[in-house]
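**Q** Residue numbering for the sequence shown is 1 to 252, as defined by our numbering.
For every residue, glycine included, the Cβ atom is placed at its ideal position computed from N, Cα and C.
Sharing a structure here in structure tokens format.
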Amino acid sequence: MNLTANLDGKTAVITGASSGIGAETAQALGEAGANVCLAARREDRLEEVANKIESVGGTAHVVPTDVTDEEAVQELIDETVEEFGSLDILINNAGVMLLEKVEDANTDNFRTMVEVNLMAVMNATHAALPIMQEQGDGHIVNISSVAGRKTWTGASAYNATKFGVNAFSEALREEVTGNHNIRITLIEPGYVDTELSDHIPDDNIRQYSKQEMAEMDVLTAEDISRSILFAVSQPPHVDINELLIRPTEQKL
Ligand SMILES: NC(=O)c1ccc[n+]([C@@H]2O[C@H](COP(=O)([O-])OP(=O)(O)OC[C@H]3O[C@@H](n4cnc5c(N)ncnc54)[C@H](OP(=O)(O)O)[C@@H]3O)[C@@H](O)[C@H]2O)c1
């Protein structure tokens with residue numbers, strides 16, 4: 001059995017590719033031979049990821065993008081097709097986790113989470129689908145979370161966005177199945193060591209979250225990128241619908 005992932009000739013767009021899971025996934029896909037389009041707001045960080053991919057012989061293209069801007073998301077998809085001639089894999093990864101109790105919350109943070117974690121997933125999918133349908137195939141990978149399956153105090157709005165991503169992904173899978181060879185994969189990580197928790201606005205929740213992570217052998221972004229690479233390198237008739245990945249020590 002040959003277990004080596006080969007994405008030669010494929011084109012992938014990865015949102016949130018400037019750090020954490022997105023940056024590692026971009027490198028994994030680039031090393032496996034895919035042409036990768038890297039999107040996020042921090043252009044300097046995207047260039048660093050692109051340089052790493054190119055240093056091992058891969059091909060990367062940077063498209064600075066704020067995924068809350070619907071037109072910019074459409075331009076990202078258009079520019080990918082212009083640059084590489086196709087769009088085979090879309091990884092909707094950009095996300096923010098602005099945890100606060102509802103009673104204490106700044107409602108701007110509700111809006112930001114809905115726009116980045118959910119609206120952008122739907123808009124990027126809407127922009128990519130016609131291209132995949134015309135090609136006759138494509139793969140959309142949505143990064144959700146354990147928080148898309150379980151709720152926690154202080155995570156209600158984040159939970160709402162990730163439950164939304166889960167619902168959107170499954171309904172989308174039902175919608176596209178049978179018409180085209182389009183695959184939908186939902187990735188649900190538990191604790192991963194990235195910058196995500198640095199932005200939690202509530203001091204107590206941020207400290208609690210960091211403490212929890214410090215007390216266990218958490219996942220690395222590379223652990224998640226391996227699962228994504230596994231899903232996108234299956235033969236066309238195999239659709240890995242859902243992967244829930246926790247650190248072995250994570251109970252909830
Ligand atoms: N870390 C965990 O424990 C964990 C667990 C479950 C699920 N997840 C999910 O995994 C995904 C990636 O998170 P991560 O852990 O890798 O955290 P991260 O390192 O903070 O990465 C988040 C990425 O999202 C991008 N982003 C945020 N707002 C954006 C915007 N408006 N436009 C474009 N890009 C934006 C950031 O780039 P810029 O700031 O450069 O724009 C960054 O590249 C998220 O969807 C998160 O919910 C993470």
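Output the distance between the C-alpha atoms of G154 and N109, rounded to the nearest integer angstrom.
**A** By one-based count along the sequence shown, residue 154 stands at place 154. By one-based count along the sequence shown, residue 109 stands at place 109. For G154 and N109, the distance between alpha carbons rounds to 13 Å.
**Q** Quick one: what does DSSP say T256 is sitting in, helix, strand or coil?
**A** In the structure as shown, the chain begins at 1 and stops at 252. Residue 256 is therefore absent and cannot be evaluated.
**Q** Would you call the region 175-190 and the region 202-214 touching, i.e. three or more CB-CB distances under 8 Å?
**A** Taking 8 Å as the limit for Cβ pairs, the verdict is that the region 202-214 does not touch the region 175-190.
**Q** To the nearest angstrom, how far is the alpha carbon of T125 from that of K101?
**A** By 1-based counting over the sequence shown, the position of residue 125 is 125. By 1-based counting over the sequence shown, the position of residue 101 is 101. Rounded to whole angstroms, T125 to K101 spans 30 Å at the Cα level.
**Q** Bridge partners for L186 per DSSP, in chain order?
**A** Indexing the sequence shown from 1 puts residue 186 at position 186. DSSP lists N142 and E242 as partners of L186.
**Q** Would you identify the three-state DSSP class for V96, choosing helix, strand or coil?
**A** Reading the sequence shown from its first residue, position 96 is the one you call residue 96. Three-state result, V96: coil.
**Q** Please go through the same chain and pick out, in chain order, the residues whose beta-carbon is closer than 7 Å to the beta-carbon of E54, but skip the five residues on each side of it.
**A** Taking the sequence shown and counting its residues from 1, the one referred to as residue 54 is at position 54. Only A60 meet the Cβ criterion.
**Q** Across which residues does DSSP place D137 in a beta bridge pair?
**A** By 1-based counting over the sequence shown, the position of residue 137 is 137. D137 pairs with N181.
**Q** Under 8 Å by Cβ, that's how I've got A40 and A12 pegged, so tell me the actual separation to the nearest angstrom.
**A** Position 40 of the sequence shown, counted from the start, is the residue given in the question as residue 40. Position 12 of the sequence shown, counted from the start, is the residue given in the question as residue 12. The pair is not a contact, with the Cβ atoms about 14 Å apart (cut-off 8 Å).
**Q** Which residues in the same chain as V63 place their Cβ atom closer than 6 Å to its Cβ, once the five residues preceding and following it in sequence are excluded?
**A** By 1-based counting over the sequence shown, the position of residue 63 is 63. Taken in chain order, the residues that qualify are C37, A39, L76 and E79.
**Q** Between P189 and ligand 1, is the CB less than 7 Å from at least one heavy atom?
**A** As a position in the sequence shown, residue 189 is number 189, starting the count at 1. P189: yes, Cβ under 7 Å from ligand 1.
**Q** Return the chain-ordered list of same chain residues with a C-beta closer than 6 Å to the C-beta of S225, the five sequence neighbours on each side being excluded.
**A** Taking the first residue of the sequence shown as 1, we reach residue 225 at position 225. Result list for S225: E24, T25 and A28, in chain order.
**Q** Hey, is M1 close to ligand 1, as in C-beta under 7 Å from one of its heavy atoms?
**A** Position 1 of the sequence shown, counted from the first residue, corresponds to residue 1. No, the Cβ of M1 stays beyond 7 Å of every heavy atom of ligand 1.
**Q** Name the DSSP bridge partner or partners of P64?
**A** Residue mapping note: residue 64 aligns to position 64 of the sequence shown, counting from 1. A40, per the DSSP bridge assignment.
**Q** Would the C-beta of M122 count as close to ligand 1, meaning under 7 Å from any of its heavy atoms?
**A** Along the sequence shown, read from residue 1 onward, the residue named residue 122 stands at position 122. Flag unset: Cβ of M122 not near ligand 1.
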